[in-house]
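Peer 1: Note that the sequence shown covers residues 3 to 112 in the numbering used here.
We treat Cβ as the ideally placed atom computed from N, Cα and C, and that holds for glycine.
Keep in mind it's a predicted model, so treat the numbers as computed, not measured.
Sharing a structure below in structure tokens format, with a few things to ask.
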Amino acid sequence: MREVATLFKSLGDENRLRIFMMLAERPMCVCEINAVLNVALSTISAHLKNLKYARLIEDSKEGRWVVYRLAENDFALRILKLLKVKLADDEVFKSDIEKVRKISREDLVC
């Protein structure tokens with residue numbers, strides 16, 4: 003029960019939900035996430051820590067970047083499918099995904 007509560011608490015924040023949905027599109031580094039959300043890097047780091055604690059995401063080092071991706075969590079992946087349907091017409095979600103598809107960490111100052 004605690005794991006499920008932690009997962010839902012983590013996704014209960016709009017910015018963490020946005021990050022989760024962006025990472026469903028593709029793995030991203032902090033500077034790419036910042037290019038979409040446009041919030042302080044420390045805030046993004048705190049959100050990533052929370053999502054990682056909830057076992058929703060994981061990270062790995064790729065060259066000079068730490069890259070975040072969705073964790074292999076069957077329950078979270080089932081929820082993701084529902085969220086994609088529910089958010090399909092949401093303007094913020096659509097804008098975020100459009101930006102995610104256009105940005106590249108190689109083009110950003112990280």
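Just verifying my parser: in three-state terms, what is the DSSP assignment at Asp-98?
Peer 2: If DSSP states are grouped into helix, strand and coil, Asp-98 belongs with the helices.
Peer 1: Quick check on the DSSP output: what are the complete alpha helix (DSSP H) runs of length 4 or more inside the stretch 20-60, in order along the chain?
Peer 2: For the stretch 20-60, whole alpha helix (DSSP H) runs of length 4 or above, ordered along the chain, are 32-39, 43-55.
Peer 1: Any idea what DSSP makes of Leu-72, helix, strand or coil?
Peer 2: Leu-72: strand per DSSP, three-state reduction.
Peer 1: State yes or no: is the C-beta of Leu-25 within less than 8 Å of the C-beta of Arg-71?
Peer 2: Yes, they are a contact pair.
Peer 1: Can you tell which of Cys-33, Met-3, Ser-62, Leu-84 has the C-alpha that lies nearest to the C-alpha of Met-23?
Peer 2: For Met-23, the nearest C-alpha among the options comes from Leu-84.
Peer 1: Quick test of your reading: His-2 and Asn-17, contact by CB under 8 Å. State the CB separation rounded to the nearest angstrom.
Peer 2: Not covered by the structure: residue 2. The range shown for the chain is 3 to 112.
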